[in-house]
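Position one of the sequence shown corresponds to residue 0 (numbering that gives the first Met the number 0), numbered consecutively onward.
Glycine residues also receive a C-beta, built at the ideal position from the N, C-alpha and C atoms.
In what follows, a structure is listed as structure tokens, so that the remarks can point back to it.
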Amino acid sequence: MNSKALAPAFPKRGKLRKAFPFLGPAFLVSVGYIDPGNWATNIEGGATFGYTLLWVLLLSNLMAILLQITAAKLGVATGKSLAENCREHFSKPVAVFLWITAELAAMATDLAEFLGAALGIYILLGIPLFPAALIGAAVTFGILLLHKYGYRFIEQIILAFVLVVAAVYIVELFYAKPDLGQIGYHMVVPHLNSASILVAIGMLGATVMPHNIFLHSSVVKNRLKKNQPNYNYRVYKFAIVDSLLALNIAWFINSSMIIVAAAVFFKNGVSVTSIEDAYSTLTPLLGGFASLAFAIALLSAGLSSSVTGTMAGQYILEGFLNVKLPIWIRRVVTMIPALIIIGMGIDTWKALVISQVVLSLQLPFTIIPLIMFTRSKKIMGTYANRPFTNVLLVIVATLIIFLNALLIYETFGGKF
0 MNSKALAPAF PKRGKLRKAF PFLGPAFLVS VGYIDPGNWA TNIEGGATFG
50 YTLLWVLLLS NLMAILLQIT AAKLGVATGK SLAENCREHF SKPVAVFLWI
100 TAELAAMATD LAEFLGAALG IYILLGIPLF PAALIGAAVT FGILLLHKYG
150 YRFIEQIILA FVLVVAAVYI VELFYAKPDL GQIGYHMVVP HLNSASILVA
200 IGMLGATVMP HNIFLHSSVV KNRLKKNQPN YNYRVYKFAI VDSLLALNIA
250 WFINSSMIIV AAAVFFKNGV SVTSIEDAYS TLTPLLGGFA SLAFAIALLS
300 AGLSSSVTGT MAGQYILEGF LNVKLPIWIR RVVTMIPALI IIGMGIDTWK
350 ALVISQVVLS LQLPFTIIPL IMFTRSKKIM GTYANRPFTN VLLVIVATLI
400 IFLNALLIYE TFGGKF
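Now the structure itself:
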């Protein structure tokens, strides 16, 4: 198959509606990039270090786009998810080890997302956190049940949630009046020290998320048609467009979180140690509407990411072990750790930040198999990575492993 010969002409003006059936999977993925774990690391980063960590988000977003497009390509080329390819091409002990690490990452993700939805309901309704968590669980179950109408319907619900969060942060930026010069400078000039590395790597883990790579390689398969290579190549080409659009919206939202925290909290010398603090502090500094919008966005992010996190965990389990469970069982099992943390009164802020560090530590075990598979012409055929793409992917993997090594060094008392 000659990929160039199959390349579709992109829709001309007036025919963009033809692209819509191909769009959606990346928006399911993008919601994981704005989940409540991101809120914790981004707000802490902006409130404590000002604008100085904006470059981390730009770098992370570029890495995420490359990885998500590669994951989608794997799904299109093989008709199998990353988890299924691991089961097929690795020995059973290796596959089981990778499954365990992926499950730990999925649980860390579920923890952050479930806590975020609970916090949003707690803030909006003023009820205790534990009942708020149960309400969040019920709403998540309700959305997941809608998958019987097709995943396209769920994609549209998730897109609506993403647009709500984006709209809220446009409003927040208007109220916060940030320093545009500082934003531009710190977007491209790196700055990192022993005080900020834990938050920076947490931001990396919150942006480049392993469960999203598994999810994207799985959901893109829903667009494929058997024995129609021309059509399936169009699926891949529009997966690129889908990823660029969805992940750049997510990058805007994440960057806005840091910018607002820097302009409001860091500038005024306000210490923020929880999402609840961020909400309550916004009221006197920016007004009641800004804080209400913040809570609505948090709830939207928490509910939508809870849905996609559960879907990712389901695909991981099915792909690695070829075991299928009802999706509601998966949701019940993964929400137990969050309910324990809430019930025991453990610091939810620290739980959110640490959950993102766990994701970062797992990333090499997701990225390395992805590179191995997509560089293989035997597995990918004409979709195999070009040499330049392989170089970029190796650089990304090396950078992530290096940052993880710095984290371990700092954890054991190292200074730099």
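Counting the other Cβ atoms within 10 Å of the Cβ of K377 gives fewer than 16, which makes it exposed. Distance from the CA of A159 to the CA of G23, rounded to the nearest whole angstrom, comes to 11 angstroms.
Burial is judged here by how many other beta carbons sit within 10 angstroms of a residue's own beta carbon; N247 has fewer than 16 and is exposed. Pairing Y314 with N211, the inter-Cα distance amounts to about 11 angstroms. In the three-state reduction of the DSSP assignment, Y50 falls in the coil class, being assigned neither a helical nor a strand state.
By the Cβ criterion, the segment 295-305 is in contact with the segment 31-38, since at least three pairs of Cβ atoms, one from each stretch, lie closer than 8 angstroms. Taking C-alpha positions only, A105 is separated from L320 by approximately 15 angstroms. Counting only the Cα atoms, I42 lies some 16 angstroms from I169. When G308, A292, E112, I120 are compared, the shortest CA-CA separation from F173 is found for A292. Here DSSP, grouped into helix, strand and coil, assigns M334 to helix. The beta-carbon distance between K220 and G78, rounded to whole angstroms, is 6 angstroms. This is short enough to meet the 8 angstroms contact definition. In this structure, S354 sits near A107, with a CB-CB distance shorter than 9 angstroms. In terms of Cβ geometry, S216 and L81 form a close pair [threshold 9 angstroms]. Pairwise C-beta distances place the segment 322-336 out of contact with the segment 45-60, as fewer than three of them are shorter than 8 angstroms. Assignment of V188 by DSSP, reduced to helix, strand and coil, places it in the coil class. For I239, the CB contacts under 6 angstroms within the same chain, skipping 5 residues up- and downstream, are I68 in chain order. Here V188 is exposed, its C-beta having fewer than 16 other C-beta atoms within 10 Å.
In the three-state reduction of the DSSP assignment, K79 falls in the coil class. In this structure A404 is exposed. Its beta-carbon is surrounded by fewer than 16 other beta-carbon atoms within 10 angstroms.
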